[in-house]
Structures are given as C-alpha cells and as structure tokens.
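Report on the structure given below.
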Amino acid sequence: MGIEWPESADKHDIPHADALYAMQNATYTSIKVKINDGDTRNQRRVFIGPQHAQTDRLIEVLIELKPGGNFVVYHVMPLGAYYRRQMEEENE
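Mapped onto my numbering, the consecutive letters of the sequence shown carry residue numbers 6 to 97.
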C-alpha cells in the first residue's frame, strides 16, 4: 500500500503522522465528499478523528483511493464547519 502526500495536504502544517493517527482513530468516516458528486474518477473519503492521543481536537483528512490499495492524502486541516455539520447530522 502506497501513500502519496501532495503539497495540498501540508497547507495547514499538520504532521503526516497526525493525519494517519486521525484516520486510524476516526470517530466519523464517509464517502460523502463534496467532490464525489458527479465525479466518476477514483472514490474519495473523509476521516474525522483526533489529531493525536493527547488531544480532543479533531481534524479532517480527505483521501482519494487509488487502484491496488494505494491512496492520496490531499487535504488535512482542523475540523471545519462543513464536515462538522455533516458528522453531527448523521449522528443524530
């Protein structure tokens, strides 16, 4: 399994290890990613989880799944309003 990290994943200066931790300990995950609407390319997924074990701060990690189990982590940032609302609505 290969993981790609384009520059867009580093825009908010969240370490790659923290993004992987959030994915492995996700409290919410979904294929409802804005870009998936009408997009026929590889599927994308959002993970929301704690940045690391010593915090309750949540981050959002968006990935694109590639053939053969590889994926691209293309977006990592503190949890924003869009995915917070989506998570809360689905957990009601």
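A virtual CB, placed ideally from N, CA and C, is assigned to each residue, including glycine. This structure is a prediction, so every number in the text was calculated from the model and none was measured.
Under the three-state reduction of DSSP, which class applies to residue i: helix, strand or coil?
{"i": "residue 73", "result": "helix"}
{"i": "residue 9", "result": "strand"}
Are the CB atoms of residue j and residue i within a distance shorter than 8 Å?
{"i": "residue 4", "j": "residue 53", "result": "Because the chain is modelled from 6 through 97, residue 4 falls outside the range shown and cannot be assessed."}
{"i": "residue 66", "j": "residue 9", "result": "no"}
{"i": "residue 32", "j": "residue 51", "result": "no"}
{"i": "residue 57", "j": "residue 18", "result": "no"}
{"i": "residue 14", "j": "residue 64", "result": "no"}
{"i": "residue 83", "j": "residue 49", "result": "no"}
{"i": "residue 7", "j": "residue 96", "result": "no"}
{"i": "residue 79", "j": "residue 11", "result": "yes"}
On a CA-only basis, which of the options is nearest residue i? Give me that one, please.
{"i": "residue 55", "options": "25, 38, 80", "result": "25"}
{"i": "residue 60", "options": "12, 30, 11, 72", "result": "30"}
Taking Cβ positions only, does residue i come closer than 8 Å to chain B?
{"i": "residue 59", "result": "No chain B is part of this structure, which consists of one protein chain only."}
Could you please give the first and the last residue of the uninterrupted alpha helix (DSSP H) stretch that includes residue i?
{"i": "residue 95", "result": "86-95"}
Inset, instruction - Jot down the residue ranges of each uninterrupted alpha helix (DSSP H) in the segment 12-66, minimum 4 residues, whole runs only, in chain order. - result: Secondary structure remark: continuous alpha helix (DSSP H) runs of at least 4 residues inside the segment 12-66, in chain order: 21-29.
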